[in-house]
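Notes to accompany the following structure.
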Amino acid sequence: MIRYRCKIVAFLLLLALPAATGLARESSPGGRAFLKSLLVPGWGQYDLGRKNAALTFVGTELLLVGGMLTMNAYGASTRDDYEALATLYAGVIGDHGHDFYVDVGNWMSVDEYNERRLQGREYDALYTAPEDRWRWDTDEHRAEMEKLRIKSDRAINGVMFLVGGVVLNHLTSAVHAGRLAARQKQGASALSLQGWSMDVRPVQRFKGFRVDFSHAF
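Each residue of the sequence shown is one higher than the one before, starting from 25 at the first, in our numbering.
Shown next as structure tokens:
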């Protein structure tokens, strides 16, 4: 499951790469910093000497990825627990998909479930295979299994929110690094003007002015 989420992160980042690559091809400091931080949050900031900002983005990335791993592991572990309950107390056998366990957690037996589907003429939703049968021994065990399933679903769905956070962290770091490089470039341009002097003198011979530029090193 976590591999699937990582593929989503990689796909979303690839969508932003063409624009970033175009900036980098212009050989602009902003473009290079943008691309570096898009790939690895904080990389562009580190190259620009902003180590505190780099640590912030790196730390955020580690927290988000750590949260993804933790929630994914919890969701998978809880899923194993509710599947074990269904096997032990409802007689579920074999491997089944998520929707099957939703029905197992909501109905005491496959016969009750199928009866309601027949009343609604939902023939395609019927469970007819021998391995799709279940019957709970008590409603308490059914409710316990359903609670665990909901916890598992919430944890696994929460991973998707963290995936969005990872993508946002990459993009935010990239934009921040690009703007930071642009500001530093502007600052360097302003500094390069310091030390220059301009001298304007009238030239009687041509009835005009002479402008001299000089720079002190």
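For each residue, glycine too, the CB sits at the ideal point set by N, CA and C.
{"Query": "Check arginine 173 in the structure and name its three-state DSSP category.", "Result": "helix"}
{"Query": "Is the separation between the beta-carbon of threonine 102 and that of lysine 175 shorter than 8 Å?", "Result": "yes"}
{"Query": "So is glycine 202 buried or exposed if we call it buried at 16+ other beta carbons inside 10 Å?", "Result": "buried"}
{"Query": "Could you work out which residue in Tyr70, Val126, Met92, Gly91 is closest to leucine 172 when comparing CA atoms only?", "Result": "Val126"}
{"Query": "Identify, in the order they occur along the chain, each residue of the same chain with its Cβ nearer than 8 Å to the Cβ of phenylalanine 230, setting aside the five sequence neighbours on each side.", "Result": "Note that phenylalanine 230 scores a pLDDT of 45, beneath 50, so its modelled location is shaky; the value from the coordinates is reported in the next line. Excluding sequence neighbours, phenylalanine 230 sits near nothing in its chain."}
{"Query": "In angstroms with no decimal places, state the Cα-to-Cα distance between arginine 178 and glycine 99.", "Result": "8 Å"}
{"Query": "May I ask which residues mark the beginning and end of the alpha helix (DSSP H) holding leucine 86?", "Result": "75 to 114"}
{"Query": "Residues bridged to serine 267 by DSSP?", "Result": "Because residue 267 is not part of the residues shown, which for the chain are 25 to 241, the question remains open."}
{"Query": "Which of helix, strand or coil does DSSP assign to isoleucine 180?", "Result": "helix"}
{"Query": "Evaluate the contact criterion for the stretch 147 to 155 versus the stretch 179 to 186: three or more CB pairs, one atom per stretch, below 8 Å.", "Result": "no"}
{"Query": "Just the Cα atoms here: how many angstroms apart are glutamine 210 and arginine 74?", "Result": "17 Å"}
{"Query": "Since glycine 144 is in the alpha helix (DSSP H), which residue starts that stretch and which ends it?", "Result": "Per DSSP, glycine 144 belongs to no alpha helix (DSSP H) and is neither H nor E."}
{"Query": "Which residues in the same chain have their Cβ closer than 6 Å to the Cβ of serine 61, if we skip the five residues on either side of it in sequence?", "Result": "Trp67, Gly68, Ser197, Ala198, Ala201"}
{"Query": "What residues in its chain sit with their C-beta under 6 Å from that of histidine 122, if we drop five residues either side in the sequence?", "Result": "none"}
{"Query": "Going by the beta-carbon positions, is the gap between tryptophan 160 and methionine 132 smaller than 8 Å?", "Result": "yes"}
{"Query": "For valine 224, which three-state DSSP category applies?", "Result": "At valine 224 the pLDDT is 44, less than 50, meaning the model places this residue with poor confidence and gives no usable figure here."}
{"Query": "Taking just the CA atoms, how far does glutamine 208 sit from asparagine 76?", "Result": "16 Å"}
{"Query": "Please state whether the Cβ-Cβ distance between alanine 78 and alanine 205 is less than 8 Å.", "Result": "no"}
{"Query": "Looking at C-alpha atoms only, which residue of Asp156, Asp104, Val191 is the closest neighbour of glutamate 170?", "Result": "Asp104"}
{"Query": "Only counting the same chain, and skipping five residues up and downstream in sequence, which positions put a Cβ closer than 6 Å to that of leucine 217?", "Result": "With a pLDDT of only 38 at leucine 217, under the threshold of 50, the placement of this residue in the model should not be trusted; the figure read from the coordinates follows. Around leucine 217: no qualifying Cβ."}
{"Query": "May I ask which residues mark the beginning and end of the alpha helix (DSSP H) holding aspartate 71?", "Result": "67 to 71"}
{"Query": "Mapping DSSP to helix, strand and coil, what is histidine 120?", "Result": "coil"}
{"Query": "Where does alanine 167 fall in DSSP's three states?", "Result": "helix"}
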